[in-house]
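See structure below.
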Amino acid sequence: MKDNLRVTFLGTGTSQGIPIIGSTHPVCLSTNTKDKRLRVSVLLSWKSYNYIIDCGPDFRQQMLLQNITHLNGILYTHEHSDHTAGLDDIRPFFFKQGDIPIYAHKRVVKSLKKRFGYILKKKDKYPGAPSVEINKVKNNHSFVIGDKEVIPINVLHNKLQVFGYRVGDFSYLTDVKTVKKKEINKIIGTKVLVVSALRIDPHISHFNLEEALDFIKKVNPEKAYLTHISHMLGFHDEVEKKLPKNVHLAYDNLTINL
Ligand SMILES: [Zn+2]
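The sequence shown runs 1 to 258 under full-length UniProt numbering.
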């Protein structure tokens with residue numbers, strides 16, 4: 001059992017994943033495994049703890065690929081489907097462990113109640129439906145998962161509030177377009193920063209590559225990884241070559257030890 005945080009990229013793709021169904025775009029047709037990207041999520045593990053950030057539609061596949069046998073909880077960044085659609089597949093963990101803790105902004109909890117009412121409701125449950133333990137995340141209020149403190153980072157995805165998370169020397173921000181100075185201060189000093197970079201062209205609700213690189217300069221971590229990548233960013237190996245020394249493209253199943 002290791003005390004140090006280990007981060008595994010379960011998925012590094014944007015909402016449709018790469019390849020996109022039916023696409024003939026060269027990046028979608030690439031045979032390089034680093035160009036295959038499941039929907040975005042990371043696994044945080046240390047000691048015997050396993051937490052994930054977001055639970056998208058590829059959650060089942062991601063748990064199988066990493067051979068995860070127990071799950072201590074799910075931290076949500078926001079309610080969009082590519083970050084939440086896998087919730088039903090917590091069933092194998094629920095059957096073994098009971099209610100699975102989730103951590104989310106109250107607006108995200110409300111959205112999950114609407115879309116997964118049969119999971120979040122307390123009474124008259126369908127036999128076999130899983131249950132969760134709801135933990136509401138508030139800005140400027142840190143909370144504890146396992147034995148580690150988590151600091152929520154409040155960012156904007158166009159106009160939608162999204163939470164990033166800092167755990168010790170690791171910070172994770174996805175689906176980000178605007179970050180206030182006060183929030184940047186919360187992640188200054190982080191050794192490893194993960195931030196989303198959708199594509200080369202600007203986008204209304206996501207950092208493009210240039211904006212992500214500017215943001216990384218402001219935070220100045222030892223190392224940064226880009227995630228939530230669309231096929232329009234280009235081939236992994238070609239983009240990787242053009243990045244500053246301390247910045248890398250994340251890829252599925254990459255593990256980093258802090
Ligand atoms: Zn997303």
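C-beta: ideal position from N, C-alpha, C; glycine also. These numbers were taken from a predicted model, which means no experiment stands behind them.
In the structure shown, Ala85 falls within a coil segment according to DSSP collapsed to helix, strand and coil. By the C-beta criterion, the region 49-61 is judged not to be in contact with the region 19-33, since fewer than 3 inter-stretch pairs fall below 8 Å.
With respect to the C-alpha of Val144, the residue from Gly73, Lys159, Leu120, His203 having the closest C-alpha is Gly73. Note on geometry: alpha-carbon atoms of Ala224 and Gly117 lie some 37 Å from one another.
Scanning the region 179-244 from its first residue to its last, the whole alpha helix (DSSP H) runs of 4-plus residues come out as 181-187, 209-219, 236-242. At least 8 Å separates the beta-carbon of Asn185 from that of Ala197. Counting only residues of its own chain and dropping the five nearest sequence neighbours on each side, Gln66 has a CB closer than 8 Å to the CB of Thr8, Leu10, Leu43, Asn253. Distance check between Asp82 and each of Cys28, Lys245, His228, Leu71 places His228 closest, using alpha-carbon atoms only.
By the Cβ neighbour-count rule, His157 is buried, with 16 or more other Cβ atoms within 10 Å of its own.
Taking the C-beta atoms as reference points, Val176 is found nearer than 8 Å to Val195. Along the length of the region 55-138, whole alpha helix (DSSP H) runs at least 4 residues long occupy 59-65, 81-84, 91-97, 106-115, 117-120, reported in chain order. The nearest non-hydrogen atom of ligand 1 is 7 Å or more from the C-beta of His231.
Residue range 160-167 is occupied by the beta strand (DSSP E) that includes Val167. In its chain, beyond the 5 residues on either side, His78 have a beta carbon closer than 7 Å to the beta carbon of Leu160.
Leu173 has its alpha-carbon roughly 25 Å from the corresponding atom of Lys114. Under the DSSP assignment, Pro26 falls outside any beta strand (DSSP E), being part of the alpha helix (DSSP H) whose first and last residues are 26-29. For Asn32, no beta strand (DSSP E) encloses it, and the DSSP letter there is neither H nor E. By the C-beta density criterion, Asp201 is exposed, having fewer than 16 other C-beta atoms within 10 angstroms. Within the model, the alpha-carbon separation for Lys106 versus Gly13 is close to 26 Å. Pairing Asp237 with Asn4 gives a Cβ-Cβ distance that is not under 8 Å.
Leaving aside the five residues that flank Ser111 on each side, the residues in its chain whose CB is nearer than 6 Å to its CB run, in chain order, Glu79.
Around the beta carbon of Phe170, 16 or more other beta carbons sit within 10 angstroms, so the residue counts as buried. Counting other Cβ atoms within 10 Å of its Cβ, Leu29 stays below 16 and is therefore classed as exposed. Following the DSSP letters along the chain, one finds Tyr51 inside the beta strand (DSSP E) bounded by residues 49-53.
Within 10 angstroms of the beta-carbon of Lys36 lie 16 or more other beta-carbons, which makes it buried.
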